[in-house]
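Novice: All the letters of the sequence shown, read from the start, carry residue numbers -27 to -1, 1 to 449 under mature numbering (1 follows the signal peptide of the UniProt record, and there is no 0). Backbone N, C-alpha and C fix where the C-beta goes; we use that ideal spot for every residue, glycine too. Quantities reported herein were computed from a predicted structural model and do not represent experimental measurements. Dumping the structure here so I can ask a few things about it.
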Amino acid sequence: MSWKFFVSHSLPLFFLFFFYSFPLISTKHNDDPTFKTMHDFSGYPVDESSHTFTPSNSISLSVDIQALQKQIDELSTFSDTPAPSVTRILYTENDVLARRYVKNLMGLAGLSVTEDVVGNIFGRWDGYEPKLTAVATGSHIDAIPYSGKYDGVVGVLGAIEAINALKRSGFKPKRSLEIILFTSEEPTRFGISCLGSRLLAGSEALAEALKATVDGQNISFLEAARSAGYARDEDDLSRVFLKNDSYSAFVELHIEQAPILEEEGISIGVVTNIAAPASIKVDFEGNGGHAGGVLMPDRNDAGLAAAELMLAIEKHATESGSLDTVGTVGILELYPGAINSIPSKAHLEIDVRDIEESFRNAVINKIHKAAKSIAKKRKVTLSEFKIINQDPPAHSNGSVIKAVVDASDELNLTYKYMISRAYHDSLFMARIAPMGMIFIPCYKGYSHKPEEYASPQDLENGVKVLALTLAKLSLR
Ligand SMILES: [Zn+2]
């Protein structure tokens, strides 16, 4: 679908965007620390004879931080809950409006915009060797209920501003550069996280499962997609799959969602690994009974079995041998849920993560063994122990890490290698492309709540590092 379509249907917004998209061309300052020659950009001597794109073959990277901040603020108004919270659920009216907003910005940045049948959006800047595989960046704009305006958004609007900054500088990419807005990184509506990137990475199981997936209101995935203008007469979602060699690299800019960078006063996090969660659902069932009538020796209390399992999870995660192992029970439900009734059923949902799959899976096995022995000891039934998903963790690619580090060095920004303990679309893009991630600090590490905040300076630093990283990867 052409962005012009959206522009013609949103004229007032168009003029608003028009002013954003043509900021003043920055003048070249030789004392500017971001001043780069093309040689600096690539890290290698570049034959520029056939591609003389700026008079001086030099480049000055300037980020229009006011415009970017304004875009972040405006995008946050497409929300189902009042400011400062943001709630933007897949395929709702506000999601569709927010997507339109982003497509307009992509169009105004001169990108050619396409969408696939589930609404992954691609904005492409053709390189001067368009047959080479492209370099991609991107993130998500959906937001869980009552969250903030920076999670994901920084990696989409920041990427558009990075492209704008490169264009203003006179840079011309060799490999095409592509921005991806991933559909539904958050699992809010259909219970599936990273839905868009999982499909792009070729998940046959998901393409099949989505045909029968419904939301809490019993609206099917395909019905919801169609209401947002996608998957019109298309049931086969496997056509979303990307080929393994679609991108030569993928790099995502994101807020850290943890407090380390801020606490240590470091500008950039260079992600080396992404921990991957496994999700487990567990049910214990007992006889229940009256809280007054059944004496303690005669009980088989499903709630106490759950409590004992929670402590076992803590113990096994703590004793895994790796500091990176974490185990959490985020959901605990007791039935029938009355003060004078012994729980006849307990339902737990468990999240276990590590950057090493073997450590994580070893902990899951121990949790399973613990659940069985607790059930036996407490004479309850372990009626369910179901691993809902068990994605492998991802490792960043050495050459992408190097590009991020070189970019940070050249911009005189402090950086630190770190692990992403949260899930990102990058986890799945790593299956089909060499992957890397750039983190910027966020206030107190807050995320998924309205207090989420990244300072203009940190945003600007992140966008500059992303722009320079994309430029380097593009010239390889
Ligand atoms: Zn995110």
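Determine, using beta carbons only, whether G238 and I315 come nearer to each other than 8 Å.
Specialist: Start at 1 with the first residue of the sequence shown, and residue 238 comes out as number 265. Start at 1 with the first residue of the sequence shown, and residue 315 comes out as number 342. It is not a contact, given that the beta carbons lie outside the stated cut-off.
Novice: Between the segment 377 to 390 and the segment 349 to 356, do at least 3 Cβ pairs fall closer than 8 Å?
Specialist: Result no; under three Cβ-Cβ pairs closer than 8 Å.
Novice: Return helix, strand or coil for A107, following the three-state DSSP convention.
Specialist: In the sequence shown, counting from the first residue as 1, residue 107 sits at position 134. Strand.
Novice: What is the DSSP secondary structure of F(-23), reduced to helix, strand or coil?
Specialist: What you label residue -23 is simply residue 5 of the sequence shown in a count that begins at 1. In this prediction, F(-23) has a pLDDT of 36, which is less than 50 and means its spatial position is unreliable; nothing more can be read from the coordinates.
Novice: By alpha-carbon positions, which one of S447, A280, K254, P309 ends up nearest to A264?
Specialist: Position 291 of the sequence shown, counted from the start, is the residue given in the question as residue 264. Comparing Cα positions, the closest option is P309.
Novice: Whose CA, out of H368, P55, V438, lies closest to the CA of T245?
Specialist: To locate residue 245, count along the sequence shown from 1; it is residue 272. The shortest Cα separation from T245 among H368, P55, V438 belongs to H368.
Novice: What are the uninterrupted segments assigned as alpha helix (DSSP H) that are 4 or more residues long and contained completely in the segment 359 to 441, given in chain order?
Specialist: Whole alpha helix (DSSP H) segments, 4+ residues: 371 to 383, 398 to 402.
Novice: Can L226 and L439 be called in contact, C-beta distance under 8 Å?
Specialist: Position 253 of the sequence shown holds residue 226. Position 466 of the sequence shown holds residue 439. A contact, by the Cβ cut-off of 8 Å.
Novice: Going by C-alpha to C-alpha distance, which of A204, P232, G175 sits closest to F214?
Specialist: If you number the sequence shown from 1, residue 214 lands on position 241. Of the candidates A204, P232, G175, the one whose C-alpha sits nearest the C-alpha of F214 is G175.
Novice: Please enumerate, following chain order, all residues with a beta carbon closer than 5 Å to at least one heavy atom belonging to ligand 3.
Specialist: By its list of ligands, the structure shown excludes ligand 3, since it contains just ligand 1.
Novice: Nearest to Y388 by alpha carbon, out of M410, N370, Y396, A403?
Specialist: Here residue 388 refers to the residue found at position 415 of the sequence shown. Of M410, N370, Y396, A403, the residue nearest in Cα terms is M410.
Novice: On the DSSP bridge assignment, give the partners of H263 in chain order.
Specialist: Walking along the sequence shown from the start, residue 263 turns up at place 290. Per DSSP, S314.
Novice: Taking 8 Å as the threshold, find out whether the segment 134 to 154 comes into contact with the segment 51 to 58 through three or more Cβ pairs.
Specialist: Short answer: they don't touch.
Novice: How about the segment 397 to 413 and the segment 106 to 117: do they share at least three Cβ pairs that are nearer than 8 Å?
Specialist: In short, these stretches touch, since the Cβ pair count reaches three.
Novice: Ends of the alpha helix (DSSP H) at D68?
Specialist: Walking along the sequence shown from the start, residue 68 turns up at place 95. Its alpha helix (DSSP H) spans residues 66 to 81.
Novice: Contact between the segment 81 to 97 and the segment 387 to 402: three or more CB pairs below 8 Å?
Specialist: Flag = no, the segment 81 to 97 and the segment 387 to 402 do not touch.
Novice: Whose C-alpha, out of I361, H289, S200, S193, is nearest the C-alpha of E66?
Specialist: Here residue 66 refers to the residue found at position 93 when the sequence shown is read from its first residue. That would be S200, whose Cα lies nearest to the Cα of E66.
Novice: Check whether the segment 175 to 190 and the segment 40 to 48 are in contact - that is, three or more C-beta pairs closer than 8 Å.
Specialist: Not touching, per the Cβ criterion.
Novice: Looking at C-beta atoms only, is the number of pairs between the segment 76 to 88 and the segment 182 to 196 that lie closer than 8 Å three or more?
Specialist: The answer is no - the segment 182 to 196 does not touch the segment 76 to 88, with fewer than three Cβ pairs under 8 Å.
Novice: Can you tell me the Cα-Cα spacing of S(-2) and R141, whole angstroms?
Specialist: The sequence position of residue -2 within the sequence shown is 26, counting from 1. The sequence position of residue 141 within the sequence shown is 168, counting from 1. Because S(-2) carries a pLDDT of 33, less than 50, the predicted location of this residue cannot be relied on, and the following value inherits that uncertainty. Each residue's Cα considered, the two are about 7 Å apart.
Novice: Report back the beta-carbon spacing between I241 and N93 to the nearest angstrom; my notes put them in contact at under 8 Å.
Specialist: Position 268 of the sequence shown, counted from the first residue, corresponds to residue 241. Position 120 of the sequence shown, counted from the first residue, corresponds to residue 93. About 27 Å separates the two Cβ atoms, so there is no contact after all.
Novice: Kindly list the residues whose CB is nearer than 6 Å to the CB of S293, restricted to its own chain and excluding five residues on each side of it in sequence; keep chain order.
Specialist: For the purposes of this step, residue 293 is identified with residue 320 of the sequence shown, where counting begins at 1. Excluding sequence neighbours, S293 sits near F332, V336.
Novice: Could you round the C-beta distance between P232 and G418 to whole angstroms and report it? I think they count as a contact, below 8 Å.
Specialist: Taking the sequence shown and counting its residues from 1, one reaches residue 232 at position 259. Taking the sequence shown and counting its residues from 1, one reaches residue 418 at position 445. Contact flag correct, Cβ pair sits at about 3 Å.
Novice: Can the beta-carbon of I247 be found closer than 8 Å to that of S157?
Specialist: Residue mapping note: residue 247 aligns to position 274 of the sequence shown, counting from 1. Residue mapping note: residue 157 aligns to position 184 of the sequence shown, counting from 1. No, they are not a contact pair.
Novice: Can you give the Cα-Cα distance for D13 and A376, rounded to whole angstroms?
Specialist: As a position in the sequence shown, residue 13 is number 40, starting the count at 1. As a position in the sequence shown, residue 376 is number 403, starting the count at 1. In this prediction, D13 has a pLDDT of 47, which is less than 50 and means its spatial position is unreliable; what the coordinates show is noted afterwards. The alpha-carbon atoms of D13 and A376 are separated by roughly 12 Å.
Novice: For M79, which of P366, S428, S33, V129 has the nearest alpha-carbon?
Specialist: Taking the sequence shown and counting its residues from 1, one reaches residue 79 at position 106. When each option's Cα is compared against that of M79, the closest is V129.
Novice: Tell me which residue opens and which closes the beta strand (DSSP E) that I152 is part of.
Specialist: On the sequence shown, residue 152 is found 179 positions in, with the first residue counted as 1. Counting along the chain, the beta strand (DSSP E) containing I152 begins and ends at 150 to 155.
Novice: Rounding to the nearest angstrom, what Cα-Cα distance links R61 and L284 in this structure?
Specialist: Here residue 61 is taken as the residue at index 88 of the sequence shown, counted from 1. Here residue 284 is taken as the residue at index 311 of the sequence shown, counted from 1. If I take the Cα positions, the gap works out to 35 Å.
Novice: How would you write the range of the beta strand (DSSP E) that R199 sits in, first residue to last?
Specialist: On the sequence shown, residue 199 is found 226 positions in, with the first residue counted as 1. Here R199 belongs to no beta strand (DSSP E); instead the alpha helix (DSSP H) covers 194 to 200.
Novice: Let's see if you can read the secondary structure: which residues bound the beta strand (DSSP E) around D256?
Specialist: Working through the sequence shown from its first residue, we reach residue 256 at position 283. D256 -> beta strand (DSSP E) spans 249 to 258.
Novice: What does the alpha-carbon distance come out to for the pair F144 and S428?
Specialist: Reading the sequence shown from its first residue, position 171 is the one you call residue 144. Reading the sequence shown from its first residue, position 455 is the one you call residue 428. Answer to the nearest angstrom: the Cα atoms are 27 Å apart.
Novice: Do I286 and G300 count as a contact pair if the criterion is CB distance below 8 Å?
Specialist: In the sequence shown, residue 300 corresponds to position 327, counting from 1. In the sequence shown, residue 286 corresponds to position 313, counting from 1. The answer is yes: Cβ separation under 8 Å.
Novice: With distance defined between alpha-carbon atoms, name the residue in S295, I253, A290 nearest to L321.
Specialist: Start at 1 with the first residue of the sequence shown, and residue 321 comes out as number 348. Cα-wise, what sits closest to L321 is I253.
Novice: Expressed to the nearest angstrom, what Euclidean distance is found between the alpha-carbon atoms of A278 and N338?
Specialist: In the sequence shown, residue 278 corresponds to position 305, counting from 1. In the sequence shown, residue 338 corresponds to position 365, counting from 1. Approximately 18 Å between the Cα atoms of the pair.
Novice: From what residue to what residue does the beta strand (DSSP E) around R61 run?
Specialist: Here residue 61 corresponds to residue number 88 of the sequence shown, with the count starting at 1. Note, R61: beta strand (DSSP E), 59 to 61.
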